[in-house]
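Student: Sequence lines, in order, name chains X and H. Residue 82 in the numbering used here sits at position 81 of the first sequence, and the numbers go up by one each step. Residue 33 in the numbering used here sits at position 5 of the second sequence, and the numbers go up by one each step. Note that CB positions come from ideal geometry on N, CA and C, so glycine has one too. These numbers come from a predicted model, not from an experiment.
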Amino acid sequence: MEYSEKVKDHFMHPRNVGEIEDASGVGTVGNAKCGDIMRMYLKINDNKVIEDCKFKTFGCGAAIATSSMATELIKGKTVDEAMTLTNKAVMEALGGLPPVKVHCSVLAEEAIHAALWDYSQKSGVKIEGLKPPVHDIEEKEH
Amino acid sequence: MSDKKLIYMDSAATTNVAPEVFEAMTPYFKDRYGNASAIYDLAQESKTALENSRKIIADTIGANPSEIYFTSCGTESDNWALKSIAAAYKAKGNHIITSKIEHHAIHNTCMALEKEGYEVTYLDVDEYGTVKLEELKKAIKPTTILISIMYANNEIGTIQPISEIAKIAKEKKIFFHTDAVQAYAHIPISVEKDGFDMMSVSGHKFNAPKGVGFLYCRKGINLIPLLHGGAQESNRRAGTENIPYIVGMAKAAEIAHAKMEERAKSQKQVRDHLIERIINEIPYTRLNGHRENRLPNNVNISIRFIEGESLLLSLNDIGVCASTGSACASGSLDPSHVLLAIGLPHEIAHGSLRLSIDHKITMEDADYVVDHLKQIVENLRSMSPLYEDFKKQNP
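#1: Give the residues of chain X in contact with residue 341/H, contact being defined as C-beta atoms less than 7 Å apart.
#2: So the candidates are 91/H, 77/H and 102/H; which of them puts its Cα closest to the Cα of residue 207/H?
#3: If contacts are defined as beta-carbon pairs under 8 Å, then residue 40/X and residue 27/X qualify, I think. What distance do you get, rounded to the angstrom?
#4: Go ahead and pull the three-state DSSP assignment for residue 29/H.
#5: Quick check: what's the CA-CA separation for residue 421/H versus residue 33/X?
#6: How about residue 134/X: is its C-beta nearer than 8 Å to some C-beta of chain H?
#7: With a threshold of 16 other CB atoms inside 10 Å of the CB of residue 98/H, please say whether the residue is buried or exposed.
#8: Spell out whether any CB of chain H is found under 8 Å from the CB atom of residue 40/X.
#9: Would a check of beta-carbon distances place residue 130/X closer than 8 Å to chain H?
#10: Take the Cβ of residue 164/H as the centre, count every other Cβ of all protein chains shown within 10 Å, and call the residue buried at 16 or more, exposed below.
#11: Ignoring anything shorter than 4 residues, give me the alpha helix (DSSP H) runs that lie fully in the region 110–153 of chain H, in order along the chain.
#12: Please compile the residues from chain X whose C-beta is within a distance smaller than 7 Å of the C-beta of residue 412/H.
#13: State yes or no: is the beta carbon of residue 30/H nearer than 8 Å to at least one beta carbon in chain X?
#14: Counting only beta-carbon atoms, is residue 33/X nearer than 8 Å to chain H?
#15: If you draw a straight line from the alpha carbon of residue 114/X to that of residue 158/H, how long is it in whole angstroms?
#16: In terms of residues, what are the limits of the alpha helix (DSSP H) holding residue 338/H?
#17: Verify the CB distance criterion: does residue 375/H have a CB-CB separation below 8 Å to chain X?
#18: Quick test of the definition: if touching needs 3 or more C-beta pairs under 8 Å, does the region 56–75 of chain H touch the region 233–240 of chain H?
#19: Assign residue 354/H to one of two classes, buried (16 or more other C-beta atoms within 10 Å of its C-beta) or exposed (fewer than that).
#20: Say whether chain X places a C-beta atom closer than 8 Å to the C-beta of residue 155/H.
#21: If you measure between the beta carbons of residue 253/H and residue 292/H, is that distance less than 8 Å?
#22: Under a Cβ-count criterion, where at least 16 other Cβ atoms within 10 Å of its own Cβ denotes burial, should residue 47/H be classed as buried or exposed?
#23: Report the neighbours of residue 18/X on chain H: residues whose CB is nearer than 8 Å to its CB, in chain order.
#24: Thinking C-beta only, is residue 271/H closer than 8 Å to residue 86/H?
#25: Below 8 Å on the Cβ atoms is my guess for residue 331/H versus residue 381/H; work out the distance and round it to an integer in Å.
#26: With a cut-off of 8 Å, does the C-beta of residue 97/X fall near any C-beta of chain H?
#27: So, residue 134/X versus residue 111/X, is the Cβ gap smaller than 8 Å?
#28: Between 241/H, 243/H and 334/H, which lies nearest to residue 405/H when the distance is taken from Cα to Cα?
#29: Can you give the Cα-Cα distance for residue 226/H and residue 172/H, rounded to whole angstroms?
#30: According to the Cβ coordinates, are residue 65/X and residue 42/X closer than 8 Å?
#31: So residue 363/H contacts chain X; which residues on that side make the cut at Cβ distance below 8 Å?
#32: Within 10 angstroms of the Cβ of residue 260/H, are there 16 or more other Cβ atoms? Answer buried if so, exposed if not.
#33: List the residues of chain X whose Cβ lies closer than 8 Å to the Cβ of residue 345/H, in chain order.
#34: Just verifying my parser: in three-state terms, what is the DSSP assignment at residue 62/X?
#35: To which residues does DSSP link residue 112/X through a beta bridge?
#36: May I ask you to report which of helix, strand or coil DSSP gives residue 70/X?
So, in structure tokens, the structure goes:
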């Protein structure tokens, strides 16, 4: 598999791996059948800022690297800013992904949305443009 | 790469060309380059080398040299065997029996034949990957013209009760072909004793170069050419013979057969050591394939809660080459058809690891791999949501 140096780095040294005990929102997407499951934990403060973000991923190198990069990109951002993060931005930040691995970045975007949805449900905070999580993995770019 | 540690445990994928093999091939590139079909002395050297090679290969399986046809690879041999029987014996019937765990060279050829109107039965296997003889007997119809079952599986190493399968075919007067790509040069084969009508072999699995293989075809079987052209290979396989590669394959076959017993013994030792240590020292692992009826060089383990490609990348980082049945490593969506056929659920099939060893792998190499594997598995599990859920449910 031809991975970029950034992907390799984020796979070998993933950032923000773990759980958050009292998370404001948790989202899990993907399925074991396809070989990718991502779980995203968010700690969001009263100013709607993502103070902390952690992940756990079962999947290939690209799945782990996109999870890691996604957490880095949304940490310190507001929930509305996090909403605007696309799979494309995650891919670009990683220096690209092989075509068969694009779905991993889609999954990372969906994992963030799923965690935000959970936060929104629990806190009552409305987030513009947020839809209930879809658990299917689609191959298309968003 | 050169100064980095390299432990190659992917011999079922391919092997390197042995130095003796390379040496045997060299003159046929530069000095003895004659076309074996010509009549001058230079060409005769090539012709002699070709026929000597054929004799050497034939002797390794107890065949007559006239029953050996050189091909470009195992895939060509498989395609040729199946398509030739299908075309030549169409009047007798259109039914072919194979298994669900064949290599894609057989599986996809069968699928192509189905599109041409042939009927194919894909036999189930048991949990160890062994073809069930009763199922095979039941699948036979009056229209069955061919049974093709692999000798040993490339992923899980299971060796089939191949002579019993051949016997069933013979009793019913059905042709029997075996894909012996993983078995040849690793375990003893006798086409006479085993009762094969056709057998496919690939050179690069036993230290010959990539790009050469052969098909054994019993005398009297109507072998229809796949490639039309010149009169090479008794008018059955056109194209100028690849003399250096054929010479190399014969040399590699000679060495592998001379050292087979000794190599198998040491490989089994390393294999069993790997299996025992992994199963005993890493929790939630299982051996795939048959414990005894197994290739001397094959280890295949499922490691729960982790995915194969990330495992391979981590192993690569410590200089270990291995393979997996995970979909993610191949670019398709489904994991290995072999692992699914032995009944593994998708998520466990995704977490499989194949270590295929050659005679150069030492016990120290095996220990190095297991010692590091333990750490890698622990690390990947620490980031696995499947493991997290499992631990919460089973504290």
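Tutor: So, from the data block:
#1: As a working mapping, residue 341/H is identified with position 313 in the second sequence. The answer, in chain order, is 12 and 62.
#2: Here residue 207/H is taken as the residue at index 179 of the second sequence, counted from 1. It is 102/H whose Cα lies nearest to the Cα of residue 207/H.
#3: In the first sequence, the residue the question calls residue 40/X occupies position 39. In the first sequence, the residue the question calls residue 27/X occupies position 26. 7 Å between Cβ atoms; contact.
#4: To locate residue 29/H, count along the second sequence from 1; it is residue 1. Residue placement at residue 29/H is flagged as unreliable, the pLDDT there being 46, under the threshold of 50; the coordinate-derived value follows with that caveat. Coil at residue 29/H, not helix or strand.
#5: Along the second sequence, one-based indexing puts residue 421/H at 393. Along the first sequence, one-based indexing puts residue 33/X at 32. So the two alpha carbons sit approximately 17 Å from each other.
#6: Mapped onto the first sequence, residue 134/X falls at position 133. At a cut-off of 8 Å between beta carbons, residue 134/X makes no contact with chain H.
#7: Residue numbering aside, residue 98/H sits at position 70 when the second sequence is read from its first letter. It counts as buried.
#8: In the first sequence, the residue the question calls residue 40/X occupies position 39. Under the Cβ distance rule, residue 40/X counts among the residues neighbouring chain H, one pair being separated by less than 8 Å.
#9: Numbered from 1 along the first sequence, position 129 holds the residue referred to as residue 130/X. No, residue 130/X lies away from the interface with chain H (no Cβ there is under 8 Å from its Cβ).
#10: Residue 164/H sits at position 136 when you count from the first residue of the second sequence. Buried: at least 16 other Cβ atoms inside 10 Å.
#11: Those alpha helix (DSSP H) runs which fall completely within the region 110–153 of chain H and span 4+ residues are 132–143.
#12: Mapped onto the second sequence, residue 412/H falls at position 384. The answer, in chain order, is 57 and 59.
#13: Position 2 of the second sequence, counted from the first residue, corresponds to residue 30/H. For residue 30/H, the predicted structure reports a pLDDT of 48, less than 50, and the residue's modelled location is therefore unreliable. The matter cannot be settled from this model.
#14: As a first step, residue 33/X must be located in the first sequence, where it is residue number 32. Taking 8 Å as the CB threshold, residue 33/X lines the interface with chain H.
#15: What you label residue 114/X is simply residue 113 of the first sequence in a count that begins at 1. What you label residue 158/H is simply residue 130 of the second sequence in a count that begins at 1. A straight line joining the alpha-carbon of residue 114/X with that of residue 158/H spans about 46 Å.
#16: Here residue 338/H refers to the residue found at position 310 of the second sequence. Residue 338/H -> alpha helix (DSSP H) spans 336–345.
#17: For this step, residue 375/H is matched to residue 347 along the second sequence. Yes, because at least one Cβ of chain X sits closer than 8 Å to the Cβ of residue 375/H.
#18: By the criterion of at least three beta-carbon pairs nearer than 8 Å, the region 56–75 of chain H is not in contact with the region 233–240 of chain H.
#19: Counting from one through the second sequence, the residue named residue 354/H turns up at place 326. So residue 354/H counts as buried.
#20: Working through the second sequence from its first residue, we reach residue 155/H at position 127. So no, residue 155/H is outside the interface.
#21: As a first step, residue 253/H must be located in the second sequence, where it is residue number 225. As a first step, residue 292/H must be located in the second sequence, where it is residue number 264. Cβ atoms of residue 253/H and residue 292/H: not closer than 8 Å.
#22: As a first step, residue 47/H is located in the second sequence; it is residue number 19 there, counting from the start. The C-beta of residue 47/H has fewer than 16 other C-beta atoms within 10 Å across all chains shown, which makes the residue exposed.
#23: For the purposes of this step, residue 18/X is identified with residue 17 of the first sequence, where counting begins at 1. By Cβ distance, chain H contributes 410 and 411.
#24: As a first step, residue 86/H must be located in the second sequence, where it is residue number 58. As a first step, residue 271/H must be located in the second sequence, where it is residue number 243. Not in contact: residue 86/H and residue 271/H (Cβ atoms no closer than 8 Å).
#25: Translated into positions along the second sequence, residue 331/H becomes position 303. Translated into positions along the second sequence, residue 381/H becomes position 353. With a contact defined as Cβ atoms closer than 8 Å, residue 331/H and residue 381/H qualify at about 6 Å.
#26: Indexing the first sequence from 1 puts residue 97/X at position 96. At least 8 Å separates the CB of residue 97/X from every CB of chain H.
#27: The sequence position of residue 134/X within the first sequence is 133, counting from 1. The sequence position of residue 111/X within the first sequence is 110, counting from 1. Cβ atoms of residue 134/X and residue 111/X: closer than 8 Å.
#28: Taking the second sequence and counting its residues from 1, the one referred to as residue 405/H is at position 377. That would be 334/H, whose Cα lies nearest to the Cα of residue 405/H.
#29: Reading the second sequence from its first residue, position 198 is the one you call residue 226/H. Reading the second sequence from its first residue, position 144 is the one you call residue 172/H. Between residue 226/H and residue 172/H, the C-alpha separation is close to 16 Å.
#30: Here the question's residue 65/X lines up with position 64 in the first sequence. Here the question's residue 42/X lines up with position 41 in the first sequence. No, the pair does not count as a contact, with Cβ atoms beyond the cut-off.
#31: To locate residue 363/H, count along the second sequence from 1; it is residue 335. Counting only Cβ-Cβ distances below 8 Å, residue 363/H has contacts in chain X at 36, in chain order.
#32: Here residue 260/H corresponds to residue number 232 of the second sequence, with the count starting at 1. Label assigned to residue 260/H: buried.
#33: Mapped onto the second sequence, residue 345/H falls at position 317. Against chain X, a Cβ distance below 8 Å from residue 345/H picks out 13.
#34: By 1-based counting over the first sequence, the position of residue 62/X is 61. In this structure, residue 62/X counts as helix in the three-state DSSP scheme.
#35: As a first step, residue 112/X is located in the first sequence; it is residue number 111 there, counting from the start. None, per the DSSP bridge assignment.
#36: Reading the first sequence from its first residue, position 69 is the one you call residue 70/X. Here residue 70/X sits in helix by DSSP.
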